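Enquirer: Below you will find the structure I want to go over with you.
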Amino acid sequence: MFDTIIRTSLNNRLFVIIAALALTIYGLITLRELPVDVFPDLNRPTVTLMAEADGLAPEEVELLVTYPIETAMNGMPGVSRVRSVSSAGLSIVYVEFEWSVEIYRARQQISERIQLVREQLPANVAAQMGPISSVMGEIMLIAMSSTTVDAMTLRELADFTVRPQLLTVPGVAQVIPMGGEVRQYRVIPDPRRMSSLNISFDAIEKAIKQFGSNTGGGFVDLNMREYLIRNIGRTTQIEDLRNLAVAYRDGHAITLRQVADVDFAARTKRGDAGVNGKPAVILAVQKQPSADTVRITQQIEAMLPELQRVMPEGVTTTDIQFRQAGFIETSINTLMRVLVEALVCVAIILFIFLFNWQTTFISLVAIPLSVLATLLVFSVMGMSINVMTLGGLAIAVGVLVDDAVVDVENIYRRLGLHREAGGSDGRSLISVIADAAMEVRSGIVYATIVIVLVFLPVFALSGIEGRLFTPLGIAFIVSILASLVVSLTVTPVLSYWLLPRMRNLSDHDTMLVRGLKRAQAAALRWCFRRPSFVIGVPVLAVVAATIAGLALPRAFLPTFNEGTVLVGVVLQPGISLTESDRIGRIAEELIAEVPEVRSVGRRTGRAELDEHAEGVHNSELDVDIVASDRSREDVLADIRRKLSMLPASITVGQPIAHRLDHMLSGVRAQLALKIYGDDYDTLRGLAAQLEDRLRTIPGIVDLQTEKQVRIPQLQVRVDYAKAALYGPQPQPDHRSTGGSFQRPGRVADCRWLEAVRRRGPVVRR
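Be aware that the sequence shown starts at 264, since it is given in the numbering used here, and climbs by one per residue.
Here is the structure:
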């Protein structure tokens, strides 16, 4: 088979060269179109279910919302893990599937299960699926700040001007704004005025539901024309809402202003944001899986100046706090530089040993052709250019020329012998080159097979390890096989055109090669006289290497320098958002004192329907740092030292590493120890004991126990005996204390709860 390939290539030399040029051009075009990312696709099929339950305490959220959803999700085929987070007013359930499950099929199954569990959820609470996003989905944080407009106006600009435009960028999955104030029409009923005018909550709620809506009235034919009938009731005037009639008494309307305070106000929020110690709105941009991070970032950066032109005076929209593409570009550029440097080194070494440009050129051609052929395979397989694929190519660079070097060396030698033989060797140049290539073919094929077999165990890795390292193995193996194909086709053709035209085809060993051969001969004679020493030294070296390898530190991935530091400031649960925001601003100012810090962006708590369900006691600070004379460890130690004065638990890490840790263990730490049980107080005691013991282990920093403590509550309990004497129902009592127009207070529909057990009343006639 190999002889046929070689002879066919030599007989169709022009076709081979044209095919090589076409491969080069198409490969360069493909290189520009391949998506660029930091890591391969690490997305386990995961569906995130989020349910807003305004006003419900974490206990009610867990019992009424999270538990029914979790129970329904656990029974689906292909589900590997279900985990949840229940906080005040929010339930988030993460449903993880096996790697083989197709994400759209998984979402369809979950959609069907949600329909079944919907009746078990409280009124006005609905679970919805989050967008299909990537593990490394949060690619940008854009800060909007202003010195002229208020927080409500700034948030409206973010929600209704900037966010819709960012969502038009191809590849953007979600844009989550956080900070500022969401404008609301707030109605606060006054029970005393309501009682004096005999107005109920139901009357107010019914009137508000009917306020400000448009309806259709069909069509009417008039004067041979058709007119559309519209009933327009919508208004944006606050005075119209204040003058809304809620009831009639003796021919007079009782308006909403008579029984309630009506005004614009900020929506109750569970999070806030800031930048460089000042209030701000931060927009988190999340991408779709397999989307090109660098391309999306460039399109957004090109869009931001256009958005800035339509902003009011004093509003800034071009402040980028986090840019994942920066780390990707740095990593890719570093690896590309390594590839170029390796290519140059290979070229220099080849020329030193071969000592003519023809054989050096023929050998080097194998590298770009093999790399470009590998990129075409990437395109067919839907792979991206990332750290692992480029790492595989970097490892393979030195091996790609082996086949071509062996080929061209033997062809050069055989052509020299053919020229010396003159007319006595009746073979043609094609036959000489083909025979020379076949002489070394078995050795080349065996060497290639051995190298491929060494990398095959990489494909046996499962889980995230397999998803991470398989692209490296694919890049290496495909490039090696491509170099084998090049040595069978392009190398003989170039040898036919370049080598016979050389004036001298005699032995071309350089002085260096001759010196190395003499040294090798002397070393071999010395080794043959001392076989025990020659065998014993490698055995001792293997044993020493094994011992040293066992003592080396272990990590899933090396620590990357992402250029951005993620600082977590965790306060005691139960703290108010206002106080947590104040301490977060102090943390911003302290971090800004570090000389290497360029800017600081902060997110406290959570945004609406944000997958990162953090309480108001938690703040994340994205710190952009620049290089200096100090090492990165010194800078991080300086940040820890400045924040040590705060009454908080401080963790210092990096954004991408944080997301990887969250994907692996569900927490943002490289090592996580989980304790399971039913008794909460016992779990807290065990956690405290383990924390004290873990602090004694060298190398551990930022050790903390997850802040799952009981927060202060104001509990209003119904006295059913007294309620029976005076007649009111328990649910209206809850509404009067919970605020009926923000949807809290309705903590149970017609079911009674005992822990996670549900029992409903039945009335028999």
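Beta carbons: idealized from backbone N, C-alpha and C, even for Gly. These numbers come from a predicted model, not from an experiment.
Have a look at Val664 and Thr271 and give me their C-alpha separation to the nearest angstrom.
Expert: The alpha-carbon atoms of Val664 and Thr271 are separated by roughly 22 Å.
Enquirer: Excluding five sequence neighbours on each side, which residues of the same chain lie with their C-beta closer than 7 Å to the C-beta of Glu877?
Expert: Closer than 7 Å at the Cβ level, and outside the excluded window around Glu877, lie Gly868, Arg869.
Enquirer: Buried or exposed for Pro801, please, with buried defined as at least 16 other CB atoms from any protein chain shown within 10 angstroms of its CB.
Expert: Under this definition Pro801 is an exposed residue.
Enquirer: What's the call for Ser626, buried or exposed, on a 16-neighbour Cβ count within 10 Å?
Expert: Buried: at least 16 other Cβ atoms inside 10 Å.
Enquirer: Reducing DSSP to helix, strand and coil, say where Arg446 ends up.
Expert: Looking at Arg446 - three-state DSSP - the assignment turns out to be strand.
Enquirer: Can you give me the C-alpha to C-alpha distance between Arg978 and Leu834, rounded to a whole angstrom?
Expert: In the sequence as displayed, the identity of residue 978 is Gln instead of Arg. Roughly 23 Å separates the two Cα atoms.
Enquirer: What residue from Ser476, Ala700, Thr754 has the CA that sits closest to Val628's CA?
Expert: Here the closest residue by C-alpha is Thr754.
Enquirer: From the DSSP output, which residues share a beta bridge with Val833?
Expert: DSSP lists Asn881, Ser912 as partners of Val833.
Enquirer: Since Ile545 is in the beta strand (DSSP E), which residue starts that stretch and which ends it?
Expert: Segment 544–550, the beta strand (DSSP E) holding Ile545.
Enquirer: Please return the same chain residues whose Cβ sits closer than 6 Å to the Cβ of Gly940, not counting the five positions on each side in sequence.
Expert: Excluding sequence neighbours, Gly940 sits near Leu946.
Enquirer: Using C-beta distances below 8 Å, list every residue in its chain close to Ile268, excluding the 5 sequence neighbours before and after it, in chain order.
Expert: Around Ile268: Leu751, Thr752.
Enquirer: With a CB to CB cut of under 7 Å and the five nearest residues on each side skipped, what residues in its chain are close to Leu653?
Expert: Closer than 7 Å at the Cβ level, and outside the excluded window around Leu653, lie Ile595, Leu598.
Enquirer: Got a sec, what are the start and stop residues for the alpha helix (DSSP H) Glu569 sits in?
Expert: Unbroken alpha helix (DSSP H) run through Glu569: 556–572.
Enquirer: Check the C-beta distance from Val522 over to Arg456 and give it rounded, since I have them as a contact under 8 Å.
Expert: Their Cβ separation, rounded to whole angstroms, is 5 Å, which keeps Val522 and Arg456 in contact under 8 Å.
Enquirer: If we call anything under 7 Å between Cβ atoms a contact, is Gly341 one with Glu361?
Expert: Yes, Cβ-Cβ distance for Gly341 and Glu361 is below 7 Å.
Enquirer: Would the beta-carbon of Arg530 fall within 7 Å of that of Leu519?
Expert: No.
Enquirer: Note down the Cα distance separating Ser647 from Lys550, rounded to an integer number of angstroms.
Expert: Their backbone Cα atoms lie some 15 Å apart in a straight line.
Enquirer: Report the CB separation of Val898 from Val830 in whole angstroms; it is logged as a contact under 8 Å.
Expert: Not a contact, Cβ separation roughly 12 Å.
Enquirer: Which residue from Ile501, Lys937, Ala547 puts its Cα closest to that of Asp526?
Expert: Cα-wise, what sits closest to Asp526 is Ile501.
Enquirer: Given that a residue counts as buried once 16 or more other Cβ atoms are within 10 Å of its Cβ, and exposed if not, what is Asp535?
Expert: Asp535 comes out buried.
Enquirer: Please state the DSSP three-state secondary structure of Ile517.
Expert: If DSSP states are grouped into helix, strand and coil, Ile517 belongs with the strands.
Enquirer: Helix, strand or coil: how does DSSP classify Val388 here?
Expert: The answer is coil: DSSP assigns Val388 none of H, G, I, E or B.
Enquirer: What is the rounded straight-line gap between the Cα of Gly318 and the Cα of Ser839?
Expert: Rounded to whole angstroms, Gly318 to Ser839 spans 15 Å at the Cα level.
Enquirer: Indicate whether Thr623 and Ala588 have their beta-carbon atoms separated by less than 7 Å.
Expert: Taking 7 Å as the Cβ cut-off, Thr623 and Ala588 do not qualify as a contacting pair.
Enquirer: On the premise that Arg376 lies in contact with Val310, defined as a C-beta separation below 8 Å, what is that separation, rounded to the nearest angstrom?
Expert: Actually they do not touch by this definition, with Cβ atoms about 10 Å apart.
Enquirer: State yes or no: is the beta carbon of Gln562 nearer than 7 Å to at least one beta carbon in chain D?
Expert: The structure shown has no chain D; it contains just one protein chain.
Enquirer: Grab the span of the alpha helix (DSSP H) containing Val643 for me, first residue to last.
Expert: From DSSP, the alpha helix (DSSP H) with Val643 extends over 629–644.
Enquirer: When the Cα of Val388 is compared with those of Ile451, Thr334, Val324, Gly338, which residue comes out closest?
Expert: Nearest option by C-alpha distance: Val324.
Enquirer: Ends of the beta strand (DSSP E) at Gln584?
Expert: Here the beta strand (DSSP E) through Gln584 covers 578–586.
Enquirer: State yes or no: is the C-beta of Val828 within less than 7 Å of the C-beta of Glu859?
Expert: Result no, Cβ atoms of Val828 and Glu859 do not sit closer than 7 Å.
Enquirer: Expressed to the nearest angstrom, what Euclidean distance is found between the alpha-carbon atoms of Arg1022 and Ser349?
Expert: For Arg1022, the predicted model reports a pLDDT of 42, less than 50, meaning its position is unreliable; a value from the coordinates is still stated below. Using only the alpha carbons, I get a separation of about 22 Å.
Enquirer: For Glu382, count neighbouring C-beta atoms within 10 Å of its own C-beta (all shown protein chains included) and say buried if the count is 16 or more, exposed if not.
Expert: Result: exposed.
Enquirer: What runs of the alpha helix (DSSP H), each 4 residues or longer, lie entirely inside the region 319–363?
Expert: Segments of the alpha helix (DSSP H) lying fully in the region 319–363: 330–337.
Enquirer: Return the chain-ordered ranges of every alpha helix (DSSP H) run that is complete within the region 776–814 and spans a minimum of 4 residues.
Expert: Segments of the alpha helix (DSSP H) lying fully in the region 776–814: 794–814.
Enquirer: Name the two residues that bound the continuous beta strand (DSSP E) containing Arg869.
Expert: It is not in any beta strand (DSSP E) - Arg869 carries neither H nor E in the DSSP assignment.
Enquirer: Roughly how many angstroms separate the alpha carbons of Arg677 and Val668, rounded to a whole number?
Expert: If you take the alpha carbons of Arg677 and Val668, they lie about 14 Å apart.
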